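Each step along the sequence shown adds one to the number in the UniProt record's numbering, with nothing skipped, and position 90 is 90.
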Amino acid sequence: MSATKMGLAHRLYTGQTSIQFIKNQRIWYIFSGVLLGIALLALLIRGLVLGIEFVGGTDFQAPMQVTANTVDEVRAAVDEFEVADLEAQVFALGDSAIRIQVRSLNPDETTSVRAAIAELAGATPEDVTYNAIGASWGQQVSQQAGIALVIFVVLVMLLIWAWFRDWKMSVAAVLALAHDVVITLGVYALVGFTVTPATLIGILTILGYSLYDTVVVFDKIKENVTGLRDSRDTYSERANLAINQVVVRSINTTIIGVLPVGALLIGGLTLASGPLQDLGLALFVGMIAGAYSSLFIAAPLLALLKEREPAQVEHRETIKRRIERSEAKEQRRAEREAELARAAVGGGGESSPGVASASTGPRKPRRSNTTRAERKKH
Numbered sequence: 001m002s003a004t005k006m007g008l009a010h011r012l013y014t015g016q017t018s019i020q021f022i023k024n025q026r027i028w029y030i031f032s033g034v035l036l037g038i039a040l041l042a043l044l045i046r047g048l049v050l051g052i053e054f055v056g057g058t059d060f061q062a063p064m065q066v067t068a069n070t071v072d073e074v075r076a077a078v079d080e081f082e083v084a085d086l087e088a089q090v091f092a093l094g095d096s097a098i099r100i101q102v103r104s105l106n107p108d109e110t111t112s113v114r115a116a117i118a119e120l121a122g123a124t125p126e127d128v129t130y131n132a133i134g135a136s137w138g139q140q141v142s143q144q145a146g147i148a149l150v151i152f153v154v155l156v157m158l159l160i161w162a163w164f165r166d167w168k169m170s171v172a173a174v175l176a177l178a179h180d181v182v183i184t185l186g187v188y189a190l191v192g193f194t195v196t197p198a199t200l201i202g203i204l205t206i207l208g209y210s211l212y213d214t215v216v217v218f219d220k221i222k223e224n225v226t227g228l229r230d231s232r233d234t235y236s237e238r239a240n241l242a243i244n245q246v247v248v249r250s251i252n253t254t255i256i257g258v259l260p261v262g263a264l265l266i267g268g269l270t271l272a273s274g275p276l277q278d279l280g281l282a283l284f285v286g287m288i289a290g291a292y293s294s295l296f297i298a299a300p301l302l303a304l305l306k307e308r309e310p311a312q313v314e315h316r317e318t319i320k321r322r323i324e325r326s327e328a329k330e331q332r333r334a335e336r337e338a339e340l341a342r343a344a345v346g347g348g349g350e351s352s353p354g355v356a357s358a359s360t361g362p363r364k365p366r367r368s369n370t371t372r373a374e375r376k377k378h
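This is the structure in structure tokens:
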């Protein structure tokens with residue numbers, strides 16, 4: 001079967017077609033740097049909208065028939081309440097209830113807001129339930145979330161080092177994870193979504209997804225670099241082949257994963273469901289960022305770190321010497337062939353005049369075949 005009839009995946013796997021992931025790594029770094037810069041600016045300028053689970057506040061729930069415009073109507077009505085600066089966040093709880101989260105309230109403010117919500121929902125104040133969350137509890141949740149993230153990162157580094165026996169893989173994987181988290185949080189800051197426990201669940205999920213994708217790439221690189229010292233390939237060349245061998249699989253897996261997550265996000269936006277929005281956005285952005293970072297950030301960064309090792313530097317020098325010897329040998333062979341060709345041409349040119357002079361010069365008289373005795377008789 002000709003190469004043109006083979007599928008793209010087969011050509012990438014066998015190396016007949018190659019995408020230069022490693023060679024063009026500077027392009028990927030610049031692109032990621034721009035994304036990270038935008039994300040950091042959004043975090044610094046706009047900041048994250050933290051849910052009351054992290055900063056404290058009061059959560060109200062009221063029975064109410066929910067339609068497509070209910071959330072917007074309730075949000076506008078809450079802004080007209082007598083209590084100022086409520087910083088209200090309104091979510092639908094299915095089609096029969098709403099949730100309104102506001103800042104921390106004193107008892108008088110709580111009573112006033114509860115009565116206003118009951119009037120808005122067409123219910124009695126007793127039908128409106130509320131739950132006050134203290135700021136200290138929210139700070140405790142934030143601290144625990146931060147500790148959990150640190151523990152996760154440390155465990156990731158240890159497990160990758162234990163499996164691959166290479167700390168550089170741990171560093172590359174963790175940097176790729178940080179890349180994914182910053183971009184995801186930056187998107188949250190840009191769109192103004194509330195960071196809730198559902199957001200944390202989504203972020204932890206995408207960390208696991210991104211890590212899995214990165215480990216698959218690293219495992220293929222480890223397989224490809226076996227016996228590297230006996231070849232003329234560099235670490236970067238073998239790593240680039242490994243990325244090409246898994247890129248189609250990674251893209252297919254990401255598409256299959258993103259489609260239902262996208263449906264989840266659209267459903268959350270349509271239904272104005274806060275938890276679905278928070279979880280869906282984190283998963284959607286994080287899965288795409290994770291697939292990108294495993295191919296374009298983690299693997300090229302690993303190759304960059306490995307190529308600085310003395311063993312790899314020596315291997316490249318050995319390859320260079322082999323190539324130089326091979327080129328010198330080919331040059332000597334070409335020179336010998338050229339000399340033989342010139343000698344053959346020169347020898348043929350010298351013999352031609354001799355032949356011509358022998359054929360055109362004066363002929364010597366032929367001797368008679370008669371003997372001297374026979375001539376005396378005559």
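For every residue, glycine included, the Cβ atom is placed at its ideal position computed from N, Cα and C.
Since this is a predicted model, take the numbers as computed values, not measurements.
Between which residues of its own chain and residue i is the CB-CB distance below 6 Å, once the five residues before and five after are set aside?
i	result
S18	N244
S104	G56, G57
A77	L120
S294	D213, T214, V217
T318	none
N131	D59
R46	A189
residue 403	Nothing in the structure corresponds to residue 403, since the chain is present only between 1 and 378.
S352	Note on S352: pLDDT 46, under 50, position unreliable in the model; no value is reported.
V313	none
V285	T184, V187
Between residue i and residue j, how many whole angstroms is the CB-CB distance? I'm expecting something under 8 Å.
i	j	result
V195	F54	7 Å
R114	P107	That pair is no contact at about 11 Å.
S250	A289	Contact doesn't hold; Cβ gap of about 13 Å is too wide.
I206	L155	Not a contact, Cβ separation roughly 16 Å.
residue 386	A162	Shown here, the chain extends from 1 to 378; a query on residue 386 therefore has no answer.
A92	V66	5 Å
E87	V71	In fact, because the Cβ distance is near 16 Å, the residues do not count as touching under 8 Å.
L204	H315	That pair is no contact at about 39 Å.
A39	V182	5 Å
R232	R322	6 Å
A176	V128	No, A176 and V128 are not in contact; Cβ-Cβ is about 47 Å, not under 8 Å.
What residues in its chain sit with their C-beta under 7 Å from that of residue i, if we drop five residues either side in the sequence?
i	result
E22	Note on residue identity: the sequence assigns Ile, not Glu, to residue 22. Taken in chain order, the residues that qualify are S236, A239, N240, P300, A303.
S32	H179, I297
K220	A242, Q245, V246
L43	L185, G186, A189
L269	Q277
V225	Y235, R238
Q331	none
T110	T58, Y130
A145	L200
M287	I206, Y209, T254, G257, V258, V261
Quick check on the DSSP output: the beta strand (DSSP E) that includes residue i runs from which residue to which?
i	result
G192	Element bounds for G192: n/a, residue is neither H nor E.
A298	A298 -> no beta strand (DSSP E), and no H or E assigned at all.
What are the start and end residues of the alpha helix (DSSP H) that includes residue i?
i	result
D59	Premise fails: D59 lies in the beta strand (DSSP E), 57-63, not in any alpha helix (DSSP H).
residue 399	Limits of the chain in this structure are 1 at one end and 378 at the other, which puts residue 399 out of reach.
Excluding the 5 residues preceding and the 5 following residue i in the sequence, name in chain order all residues of the same chain whose CB lies nearer than 8 Å to its CB.
i	result
K377	Annotation note: pLDDT 47 at K377 (below 50); position unreliable, coordinate value reported separately. Cβ within range, chain order: n/a, list empty.
G7	none
V141	E53, F54, P197
L279	A198, T199, I201, G202, L264, G268
If we count Cβ pairs, one from each stretch, closer than 8 Å, do we get three or more for the region 159-167 versus the region 254-270?
No, they do not touch.
For the region 210-279, list the alpha helix (DSSP H) runs that are entirely contained and at least 4 residues long, ordered along the chain.
235-271
Touching by the beta-carbon criterion (3+ pairs, under 8 Å), the region 289-298 and the region 212-226
yes
Contained beta strand (DSSP E) runs [length at least 3] in the region 17-97, N- to C-terminal order
Within the region 17-97, complete beta strand (DSSP E) segments of at least 3 residues are found at 57-63, 89-92, given in chain order.
Report yes or no: do three or more beta-carbon pairs, one from the region 43-52 and one from the region 186-200, lie closer than 8 Å?
Yes: at least three Cβ pairs fall under 8 Å.
Is it a yes or a no for the region 116-134 touching the region 90-108, going by three-plus beta-carbon pairs under 8 Å?
By the Cβ rule, the region 116-134 counts as touching the region 90-108, because three or more pairs are nearer than 8 Å.
Could you pull out every unbroken alpha helix (DSSP H) segment of at least 4 residues lying fully inside the region 104-192, listed in chain order?
107-121, 135-164, 167-191
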